[in-house]
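Here numbering that gives the first Met the number 0 is used: position 36 in the sequence shown is 35, and no number is missing along the way.
In this text, a Cβ means the ideal position worked out from N, Cα and C, and glycines have one as well.
Please read the structure below before turning to the comments.
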Amino acid sequence: MTKYVPEVSAELLIKANAKVSADREEYGSPDVAVSIVSAIADECEPEELIAISHRLRALAKLVKGGDGGNWTIRVLRKEYTLVSEALFRAAAVAALPEMKMVRDLAFDPQEILDIALRDADASGSA
């Protein structure tokens, strides 16, 4: 039976990503795990930290692979990618099958985009 990475708080996912981005800007290419832990360790259990890390990795893979392109804005000659909050909210709850290798974690692009669209419609923005 397939096991899935647990759903997480969208707010914590967004907060962790903001810290990863800020640390990358300040220090170059930091250890993502250190950034995540320093951002949200006091607000969640270790299992949720791991789930957030996995979901951020899968979201980055989705965006870099091009499937999140309709939900991103490229600025400053593609050096940065601004990701819609709707995509983060979808990444917090979309099915994410556990894999033997962390690098193989991946969202189903259609499912995550469907969730993002549904939630964007419900809140009136994307």
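Based on DSSP bridge pairs, tell me the residues matched to V33.
In the sequence shown, residue 33 corresponds to position 34, counting from 1. By DSSP's assignment, V33 forms no beta bridge with any residue.
Could you tell me the boundaries of the alpha helix (DSSP H) in which E25 lies?
In the sequence shown, the residue the question calls residue 25 occupies position 26. Its alpha helix (DSSP H) spans residues A9 to Y26.
Given a threshold of 16 other Cβ atoms within 10 Å of its Cβ, counted over all protein chains shown, does A40 qualify as buried or as exposed?
As a first step, residue 40 must be located in the sequence shown, where it is residue number 41. By the 10 Å Cβ count, A40 comes out exposed.
Out of A59, D103, E24 and Y3, state which residue places its alpha-carbon closest to the alpha-carbon of F87.
On the sequence shown, position 88 is the one that residue 87 refers to. Selected option, being the one with the closest Cα: A59.
Please report the distance separating the alpha-carbon of V36 from that of L48.
Along the sequence shown, read from residue 1 onward, the residue named residue 36 stands at position 37. Along the sequence shown, read from residue 1 onward, the residue named residue 48 stands at position 49. One C-alpha to the other measures close to 7 Å.
Could you tell me the distance, in whole angstroms, from the CA atom of D22 to the CA atom of Y3?
Taking the sequence shown and counting its residues from 1, one reaches residue 22 at position 23. Taking the sequence shown and counting its residues from 1, one reaches residue 3 at position 4. Each residue's alpha carbon lies about 29 Å from the other.
Quick check on DSSP: helix, strand or coil for P96?
Working through the sequence shown from its first residue, we reach residue 96 at position 97. Per DSSP, reduced to three states, the secondary structure at P96 is strand.
Among L95, A50 and R117, which one has its Cα closest to the Cα of S8?
Walking along the sequence shown from the start, residue 8 turns up at place 9. Cα-wise, what sits closest to S8 is A50.
Quick one: residues in its chain with C-beta nearer than 7 Å to the C-beta of E110, no 5 flanking neighbours on either side, listed in chain order?
Numbered from its first residue, the sequence shown carries residue 110 at position 111. Closer than 7 Å at the Cβ level, and outside the excluded window around E110, lie A93 and A94.
State the DSSP-derived secondary structure class of V62, mapped to helix, strand or coil.
For this step, residue 62 is matched to residue 63 along the sequence shown. Three-state DSSP puts V62 in a helix.
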